[in-house]
Every structure is written in C-alpha cells, then in structure tokens.
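Protein chains in written order, with the numbering used here: chain G, 1 to 544; chain S, 545 to 1088.
Protein chains: 2
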Amino acid sequence: MRTPEELAACVDVALRRRPADLVVRGARLFDLATGELTLADLAVCGERIAAVGEGYEGLATVDARGLTAVPGFTDAHCHMESSLVTPYEWERMSLPHGVTSAVCDPHELANVRGTEALAWFRRCAEGMLLRLQVQASSCVPALPSEQAGAVLDAQALAPLASDASLAEFMNVPGVLGKDPDVLNKLAAFSGRPVDGHAPLVSGDALNALCAVGVANDHECSSVLEALEKLRRGMTVFLRCGSVGRNLADLAPLLTLTLCDRLCLCTDDRDPLDIREEGHIDFAIRQAIALGSDPLAVYRSAALSPARHFGWRDRGLLAPGFVADLVLLSDLAECRVERVFCRGREVGEAAFAARPPMPDVAPFLGTVRCRELTAADFAPPESNRAIGVREGSLLTEDLPAEGDDLACAALIARHGPPERIGRAWVRGFGLRQGALASTVGHDSHNLCVVGADPESMAAAANALRMYGGGFAVAVDGRVTSRLPLPLGGLMSDRPVEEVAEALAGLRVAARATGTILQNPFLSLAFLPLPVIPNARLTLDGFTHV
Amino acid sequence: MRTPEELAACVDVALRRRPADLVVRGARLFDLATGELTLADLAVCGERIAAVGEGYEGLATVDARGLTAVPGFTDAHCHMESSLVTPYEWERMSLPHGVTSAVCDPHELANVRGTEALAWFRRCAEGMLLRLQVQASSCVPALPSEQAGAVLDAQALAPLASDASLAEFMNVPGVLGKDPDVLNKLAAFSGRPVDGHAPLVSGDALNALCAVGVANDHECSSVLEALEKLRRGMTVFLRCGSVGRNLADLAPLLTLTLCDRLCLCTDDRDPLDIREEGHIDFAIRQAIALGSDPLAVYRSAALSPARHFGWRDRGLLAPGFVADLVLLSDLAECRVERVFCRGREVGEAAFAARPPMPDVAPFLGTVRCRELTAADFAPPESNRAIGVREGSLLTEDLPAEGDDLACAALIARHGPPERIGRAWVRGFGLRQGALASTVGHDSHNLCVVGADPESMAAAANALRMYGGGFAVAVDGRVTSRLPLPLGGLMSDRPVEEVAEALAGLRVAARATGTILQNPFLSLAFLPLPVIPNARLTLDGFTHV
C-alpha cells in the first residue's frame, strides 16, 4: 500500500516542483514495453520512478552516459538454500548481478524445520533489499514415502494462501491419484499462481495437472516438451541452474511471440557458478549469444515474471514502477555496471543498513543420527544402478555393471526411526574415498557416495559433528569439508568464504577420481524422488 | 475458490475416467499462447476446460468441424448504461457476439444513486453468465464543480478496495493539484489496477498520472499519443465505441511486439451499433481488415485483458481455464457461430435460467426538476460555441457564428438547487425542433439542444414525465421518445424493443435536420467536463 504522502511527492517530482531523490542521467533506456532504445533521464522519488524525461533536478545524480538501463531481473524460481548461504548473503551475491526480485521456495529448510522455516524466510524478506517473494512449500515431504524433518499438510499451508503463492507442486502422482490432501492444498491456493514441477509430464497427465491449476513449469528439457506445456496454458521457466541447465536447449523459444509466457530462473545455483558465470545476467548473455532476440530475452528476465506473478509495479522503467534498474555497459553481453534496487544503489553500504538477520538458532543441531561405522556402508543388494550425468537432473536406471560403479547410502538424519538405504551409482567416476552431504533433495537426509566403506563412514561422521555440510574423505580420513550448520543446508558465513571453501572442496574431491565438475550437486540430487528415472531413497535403489 | 471435488472431477475427465460434461469436437483451435492453429477436441468439466486432446467421451457433444475455436472476448472497459439496457439485457445482447467477460464502470448510475448503484451492479453480476467485473467508480461527480445525484469520496470507496479495481480516474487536475481526496482514493487502491482516462495528457502531466498508479488509458486518439502512454508503462485500450471510435487510427499498433499491452474496449456503445455492426467481434474484424496480425488482434481481445486484470483462468483454451469459447466460421472475419460461457452454450435457455434480476425500485423517479417553459430556453450569452463532430468525443471551442448554430441547455435534475446552463452548439445541423436527453455524461442532468424554445421545453417536460430517456420534439410537440426510467439511463424493456425504439427515434430526429448519424450520443457527451475542449455545464459554456 502506498500512502497519499508518497503519491504527492511523486506528483511533485514529475511536475518538477521539487527535486527528485535521485536522477539517473543520460542512460539509453531499453523500453521493454515497446522495444525502443531511447536516451532519457529517470527521476526517482523514494522507492519509485516518478518520471522519465529530461532535465530533472535531483538531490543526487548518477551519470549514466554511455550505459544502457534495463529493469531489474527476476529469478522466477529458486531455492536459496542451494546457494549454501542465508537469504541475506544470497542477495549480497545476486543483487550485483542485477537480480532485484526473486521467487523462492524455501522447501529445503522446510523439509528440515517445517513452518518455522517458512516464517523465517518471510522475516528475512522483510529486511532484504530485493523483492523476495516467499512461496508456500507445497510438497514437504516431496512424496508421502519420504522421511523428512517435517510434514506440511493442507491444514498447515492453507493459512498462507491469503498472501503467498503455492511453490512447485511436485507430487504429480498425488494429483493423478486424487490424494485428498493434495487436492485440498490446490483448492486452498486456487486463484493464485501455483508453481509446477513436471519433468517429462505430457499428454493426459499434463492435462490433469493444468486442469487443477498448476500454472508453470521449470523442468522442461526440450523445445517439444516446452511447447506442449505452452499449448496447455503454462508459463515455462527457462532454467539456468548449476545442475539443471536447460536454457541452451530452450533458447529457440525466446521469440517475441512466446516471450510473454517465458521467464528465466536458476532453481538451484551454487555460489561458485554465480561468481564465475553470473546469475540471471548469465542466462541473458547465453540466450542472446545463442541468437535470441534481445527484447524477448530481457522481457523474459524482467517483464514476463512480473506479469506472471501479478506484480503490477515491476518489469518496466516507467513512472509508478519500483526503481529497480540495472546499468549495463553492453546490452547483448549483459555486462552489469551498477544496480539500483528500490531507488538505492546496491553496495556494501546498503547491505550494512539492513536490520539484523532473524535468529538462526532454531536451525542449528539438525543432524540427528547415530555415529556410523564401515559396516553401515555394505555393498547394495540391487542389480540396478543410478546413472548420473553432468548438467542434468534426470538420472538413468542402468545395470549395476562396468568399471564406474560406486556405492551410495542415504541415512535418515531427522531422528528416529533409524534407516539406511543403499544403491549402486554410475557416472561419478570415483576411484577412491568418499563424498558426503546433508544436502540431499528434498528430505535432506545424509547422503554418501564412495569407493570404500571406511571413507564413507569418516565423511558421514564429520557432517554429524558439524551439524551438516559437505565432506570429502580419502583412505578413511576427512580431507576437506564445508560446514553448513543452518539446517545442514546453509552456512552462517559470508558468501565469499563459502565460495572459497566450496572451491577448495571441489579440488579435494578430485582426489577421489570423480569426473564430475560439481560432484556435490549430483550427490545432492541423487535422493530426489520426484525426478525420473532412478533414485536413492531410504529403501535403497528406487525406480521413479 | 475451487473445491477439491471440482478439482477431482477435472482430473477424472482429463484421465478419461469419466465422461466430460461437454466435448467440443473437431474444431480448429487458435492457441493464443503459441499462435498455432491445430485440430483438437476440448473436454469441459463443469465451468472449466479439463483437457485438450482427442477422443474424449462426453455427456453432451458439439460437432465443431469446420469451425475455429477462440477464447471468449473481453470488453476491457464499458459503461453498460450507455447501451440503455440493464446488465442482464446487456449480456443477452453481447454474449452472442462472443463477449464472455466485461469490465464495467457503473459510474453513470453511480452519478444518480451513488454506492447503491455499485452494489446493484455487483448483485447483477452474481446472477449473470458472463464474467462481469464491476469497478469502483472513482470520479462521482466527474469534477467537484459538477452537480450530480451523489458524491463518492475516498471514504465511500475505500471499503471496495479489497475486491474491486478503481474505475477510470478522470480527475487529472485533482492528481496534478494533489487534491487530498483524490490521493486518498488512489492510495486506497494502490496495488490494484487503476483505470485511467487521460485524453491528450502527455509530458510531465502523464508522468505524474502514471507515477500515482494509473495503469491504462482508453482515450488515445492517435498512434503517437498511444505510444507515449505505452512508453510510460500504461496498457492502452483500443476503443470501438459508438461515439469514441479510435480503433481505426490505432490499429497499426496491433503487432506481436505490443499486443500484450493492448486491449479492446467499447466504453460506450449503443444497442443499434451492437446489433448492426457487432461488439468486440466488430473491433476484431475491423482491425484485421486494416492489416493487423490476427494473433495480435485476438490476443488483445482475450489474453491481454486477462493478463492486465490478473485473471489467471481466462484468455486461453487450455485445461484449468474457464470454458469461455467462441466458435467462428471465419477467423479473419470473426464470424461468430456459437458461444460457450462457463461451459454452457449461450442462448435463451441459459438466459432464462438466471436468477431474477435484483430489484430496480431504487432507481425509479430520479428526474427531479420543475416543469420547464419556453422562457427557460433563452439564447445563451456567450459568444463561443461547442463544436461537435461525428465519431469523436473531443469537442472544439469555436466562435458562435455561422448557419449551424443551435441552443443547448443543461437543467439540474437531481433535486435542488435549481440551475440551468446554456451554450451555443455547432455541428448538429439542427434546422427545427429539439432533442432532449437525461443521459448527459457524467452527471446526467437533463440536456436539451434545439432550434426553438417551445420544442425544447416540450422535449424536456416529456422526459420529466417518463422519469428520463430521449425525446424529439418538432413545432412544440413531442414526435418520438424512448423512456429510460431506471435512473434516467436505462430501459426496463428487452434489448430488442430498446433497439427498435432507438431506431425510430433516430428517424424522428432527422426531421430536425440534424446531420449527425447518432445525435443523442453527441448530446449525451455535450456536458462531459473531463474531455477537451468545450463543454456545456450548469454554468453554461465552459472551456476545459
């Protein structure tokens, strides 16, 4: 809600009766409404653009000559926990890349701590600079068979429907099987955008999913899959994550005809990739390099998500809109020079002025399992193996044979009952040692892959001690670790430290012989039961 | 809100576990999301599309082979009172033209009866077949200087902000002058779409108007005017009304680049034009004939308004969307053959099944002025005249000279104080007699134009007797009339009768020598103080 006083101030700035709080002078504006590039000044009043024109006086001015101004970008679907840092650190990392809005599903932390996690993210959002829309995590646990740290049923979620949208609805079997709790959730959130998650779902099942109100999908891996979903009325999110990298395959869709129904997102993106490649700016750069129309691409980064989520005051550089803008030295390359969020320049001063982050105490000490021994990591009994591939969340159901077989184990870590599931994996290229992680989508049990049981036990026990994180062990001894004490998912340290530790961890992981660039991400998705085709669950190898 | 039972039924239809309530078979679907034309069947469950595909069983089927299916159209901005019939009759007239949604500003009746009028329209909407979104009339009276039948200030409107959008905000001077009541209204509705009305507003004033949240405009009369508004972030409504006919001038804007920010509307359209030319179907036909891309045109008719107003379940033929669809025998000509609204075929049976229309008693007997005499219609004192032109709401400020001068008078009719304003008019071509109307935007005082005072008095007194309407008098005697007893604005008769009476009235009006096709519409807009340049107010000739 805006106040009459705020409206009056905007009128006065627009009519040049008082100086703007900030004038951005001489930029070339990329107008996503018309596609025009025009030289103009922006007069900002408080958090909003009050006027676009020329010759405004300002209490502060920014010389933007030679730069191109575009509206701030939106990450239309992300799990901040996947960047291993708190929401406060997430924006310190991502805002400088031009990400001024994000829609997050806090379902990683929610799988550990339930509604307390949702409430904490919402409190974080209040203190943050960027617009963080916290969704109601729809599938905690991801499937009823999962043993997670919490259960969010329809009764728990319904009170959130007044001001939140429903996060990615992964329980497709629950829809098709008309599970009463599933239908109650969907009914409670009807009329709001309901996020989808429907990899390879098509035909009758896709019709059913859309018919119950699922409005978008970020799991498309081919143009044909995306086109079918567009035809069924879905908005398609083009994903540029650390594991799920679908943008290159889907870039041909980024046309003026379709771009209003396309958004960009990261889903899960680790801090090293953000530091080295970028965030939504990277997705823009990549799509334009692949030949997509820049207007279509920038629309999908800024205007389309605002339209999809019903934010009337984001996505354009126009009066009345929130002053979220990115100054670029190169439009096609999406080279971000300066970022303004709600009318303020993004930088350490702005971050330091935020209120203290809400208390993290409820998320400490969440790895609750007994000390493990080599005997816990006996060879799996199945004759099938889970095949992983760099850059894809999809796994294969393969015979347990060949010279690239490794053992994997999943240990229940949210308290009783004690359970361990075991399976063969292929594609890691492990020759010795072990990797362990308490990030193990979506229930975040303790997940270990290794070539010898002693190393597996050592890595797992290290995480038990740290309250969660990532660890590498070789010859039965831990050689590298990244503690993630908040829910076993997030560090309490600055993002720079986390990125450094992660880089060190990856180097250490190479000693195991792994051929994956980012083995901890593949490890983290190994247990995810809502993505085809083969998974590691507490029951062991599972075909899904 | 949808119920879990409704969702379950849709799932069962999509998965072919039970027959659809209705199957539309063999139509060519125009998919506004992708622009594709494909042969497919639609399976309808209750009010919604449950699936798009082939081979569904249905309790009822429609053979649509050879026809093209498009989503139902939206009239994005209309005043139903301008069609001279009740909302129930309005949909009997407009639904067969494919108009399955309408956004109405009931500000004509609100100027007569205030919040009671708004509540009545909302009650009507509950019983209607089409989706009628009733806005909160923002400017009653249109300007503070007006003497209308009611005053809707911020305090009266604020309680409506929870579920209504704010109707066309005409009081631009109030925004620029920071009128407290104006700013309070805009603040109360911030975050919701605020309709605009800003003919020829540009530059700093346009910035100010957009800065306070006005989101669209339906008054553009040129491409340049519309482009400036699009650049300032507005959605532009292309109007195809009876007086305001801007579509032909603006059709070049209807491109794939811009169509997401363009909607079609009628604003004010009389029942004869709807019967003879059509409604939104006419606008579509006209735009395509002028060379616009059919995909852009149909999007502006169906998808763009849904996006603008945030209706997530309208504007596409896709599962989960409301089954509002139009079957056409010709896509480019927009030849409507059959219409389905909320899954039911539109026809007399569906209209007859509506609940009774809410009571009209509060709107009877609203013409409250004394009996008039020839002496009340003395010649005006100003040496300026109001120039009217066929097909435009804009008027000219002209010298009171030439052989086409006529007298006009405006009589306060909502009770004391008694006032009469007089002005010269040019452009009617009157040679004898008089025309009178209680439709006189927006305060709806009694408006008379004539060549002799006796005829003016006779026509005015006839309307006093009927409780409002239109009348023609020649040689001091009434020769034709159309009573509009509901608020002096709407008939209580079926639309067919009203159209016939209106046709008869137009023929009778020709005896006065008028050169206007539709002199009563020009008469009705003569007093409108929010459109440039010259107007008839209770103070007489007024330059605006």
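The C-beta atom is built at its ideal place from N, Cα and C for all residues, glycine as well.
* Rounded C-beta distance between S:Ala732 and S:Ala698? I'm assuming under 8 Å. -> The C-beta separation of S:Ala732 from S:Ala698 comes to about 6 Å, placing the pair in contact by the 8 Å criterion.
* **Whole-angstrom C-beta distance between G:Gly513 and G:Arg389, which should lie under 8 Å** => Actually they are not in contact, since the Cβ atoms of G:Arg389 and G:Gly513 sit about 17 Å apart, beyond 8 Å.
* To do: Mind checking which residues open and close the beta strand (DSSP E) that includes G:Trp424?
  => Boundaries of the beta strand (DSSP E) around G:Trp424: 420 to 426.
* Measure the C-alpha to C-alpha separation of S:Arg898 and S:Gly671 and round it to an integer number of angstroms. => Approximately 6 Å, taken between the alpha carbons.
* Spatial distance of S:Pro1027 from S:His641 (CA atoms) -> Each residue's alpha carbon lies about 26 Å from the other.
* To do: Would you mind listing the beta strand (DSSP E) stretches within the region 135 to 197 of chain G that are 3+ residues and don't spill past its ends, in chain order?
  => Counting only runs of 3+ residues, the beta strand (DSSP E) found wholly inside the region 135 to 197 of chain G occupies 166 to 169, 194 to 196, in chain order.
* What's the C-alpha gap between S:Asn655 and S:Gly693? -> Rounded to whole angstroms, the separation of the alpha carbons of S:Gly693 and S:Asn655 is 5 Å.
* Identify each residue in the region 739 to 767 of chain S for which the Cβ-Cβ distance to at least one residue of chain G is less than 7 Å, and report them in chain order. => Within the region 739 to 767 of chain S, the residues whose Cβ lies closer than 7 Å to some Cβ of chain G are Asp748, Asn751, Ala752, Cys754, Ala755, Val756, Gly757, Ala759, listed in chain order.
* Asked: Which of helix, strand or coil does DSSP assign to G:Ile49?
  -> G:Ile49: strand per DSSP, three-state reduction.
* Asked: Quick one: what does DSSP say S:Asp804 is sitting in, helix, strand or coil?
  -> Of the three classes helix, strand and coil, the one that applies to S:Asp804 here is helix, per DSSP.
* Can you name, in chain order, every residue of its own chain whose Cβ lies under 8 Å from the Cβ of S:Ala950, other than the five neighbours on each side? -> Excluding five sequence positions before and after S:Ala950, the CB atoms of its chain that fall closer than 8 Å to its own CB belong to Trp968, Val969, Arg970, Phe972, Leu974, Val993, Gly994, Ala995, given in chain order.
* Asked: Just the Cα atoms here: how many angstroms apart are G:Ala460 and S:Ser734?
  -> Here the C-alpha atom of G:Ala460 lies approximately 53 Å from the C-alpha atom of S:Ser734.
* Going along the chain, which residues of the region 145 to 173 of chain G sit with their C-beta nearer than 8 Å to a C-beta in chain S? -> Per Cβ criterion, the list is empty.
* Asked: What in chain S is Cβ-close to G:Phe321, meaning under 7 Å?
  -> Under the 7 Å cutoff, chain S gives Gly777.
* **6 Å CB neighbourhood of S:Val1074 in its chain, flanking five on each side removed** => Cβ neighbours of S:Val1074 beyond the five flanking positions: Ala686, Met714.
* To do: Pull up the CB-CB distance for S:Ala845 and S:Ile824, whole angstroms please, since I reckon it's below 8 Å.
  => Yes, they are in contact, since the Cβ atoms of S:Ala845 and S:Ile824 sit about 6 Å apart, within 8 Å.
* Asked: Is G:Ala473 near G:Arg481, with beta carbons less than 7 Å apart?
  -> When the beta-carbon positions are compared, G:Ala473 and G:Arg481 stay at least 7 Å from each other.
* Output yes or no for whether 7 Å exceeds the beta carbon distance between S:Leu1096 and S:Val890. => What is shown of chain S runs 545 to 1088, which leaves residue 1096 of chain S out entirely.
* Asked: How would you call G:Leu59, buried or exposed, if buried means at least 16 neighbouring beta carbons within 10 angstroms?
  -> It counts as exposed.
* Helix or strand or just coil, what does DSSP make of S:Cys554? -> Under the three-state reduction of DSSP output, S:Cys554 falls in the helix class.
* To do: Report the residue from S:Asp920, S:Glu915, S:Thr910, S:Gly946 whose alpha carbon sits nearest the alpha carbon of S:Asn927.
  => The option with the nearest alpha carbon to S:Asn927 is S:Gly946.
* Opening and closing residue of the alpha helix (DSSP H) in which G:Phe309 lies -> First-last of the alpha helix (DSSP H) with G:Phe309: 304 to 309.
* Asked: Does the region 45 to 56 of chain G come close enough to the region 227 to 246 of chain G to have 3 or more Cβ pairs within less than 8 Å?
  -> Because the criterion of three Cβ pairs below 8 Å is not met, the region 45 to 56 of chain G and the region 227 to 246 of chain G do not touch.
* Under 8 Å Cβ to Cβ from G:Leu516, same chain only, skipping five residues before and after it: list those, please. => Cβ neighbours of G:Leu516 beyond the five flanking positions: Val388, Glu390, Gly427, Phe428, Gly429, Ser522.
* Nearest-angstrom beta carbon gap, S:Ser873 and S:Leu611 [assumed within contact, 8 Å] -> With 8 Å as the limit, S:Leu611 and S:Ser873 qualify as a contact, their Cβ atoms being about 6 Å apart.
* Evaluate S:Gly747 with the Cβ neighbour count: other Cβ atoms within 10 Å of its Cβ, from every protein chain shown; 16 or more gives buried, anything less gives exposed. => Taking all protein chains in view, the Cβ of S:Gly747 is surrounded by fewer than 16 other Cβ atoms within 10 Å, so the residue is classified as exposed.
* Taking Cβ positions, are G:Thr537 and G:Gly415 nearer each other than 7 Å? -> No; because the gap between Cβ atoms is not below 7 Å, this pair is not in contact.
* Contact under 7 Å by Cβ, S:Pro1076 with S:Val1088 -> Yes, Cβ-Cβ distance for S:Pro1076 and S:Val1088 is below 7 Å.
* To do: Figure out for me which residue from S:Ala922, S:Leu628, S:Glu925 has the closest Cα to the Cα of S:Ser981.
  => Here the closest residue by C-alpha is S:Leu628.
* **Endpoints, beta strand (DSSP E) assigned at S:Asn760** => Start and end: 758 to 761.
* To do: Please state whether DSSP places G:Glu108 in a helix, a strand or coil.
  => Annotated three-state conformation of G:Glu108 is helix, per DSSP.
* **Cut-off 7 Å between Cβ atoms - residues of its own chain near G:Ala208, not counting five sequence neighbours on either side** => Once the five neighbours on either side are set aside, the close Cβ partners of G:Ala208 are Val175, Leu176.
* Check whether the Cβ atoms of S:Val756 and S:Leu774 sit closer than 7 Å, and answer yes or no. => Not closer than 7 Å, so no.
* To do: Could you work out which residue in S:Pro743, S:Ala1078, S:Arg1037, S:Ala1052 is closest to S:Thr630 when comparing CA atoms only?
  => Considering only alpha carbons, the answer is S:Arg1037.
* Look up S:Thr659 in the DSSP assignment and say whether it is helix, strand or coil. => Helix, per DSSP.
* Does any residue of chain S bring its CB to less than 7 Å from the CB of G:Asp21? -> No - not a single Cβ of chain S is within 7 Å of the one on G:Asp21.
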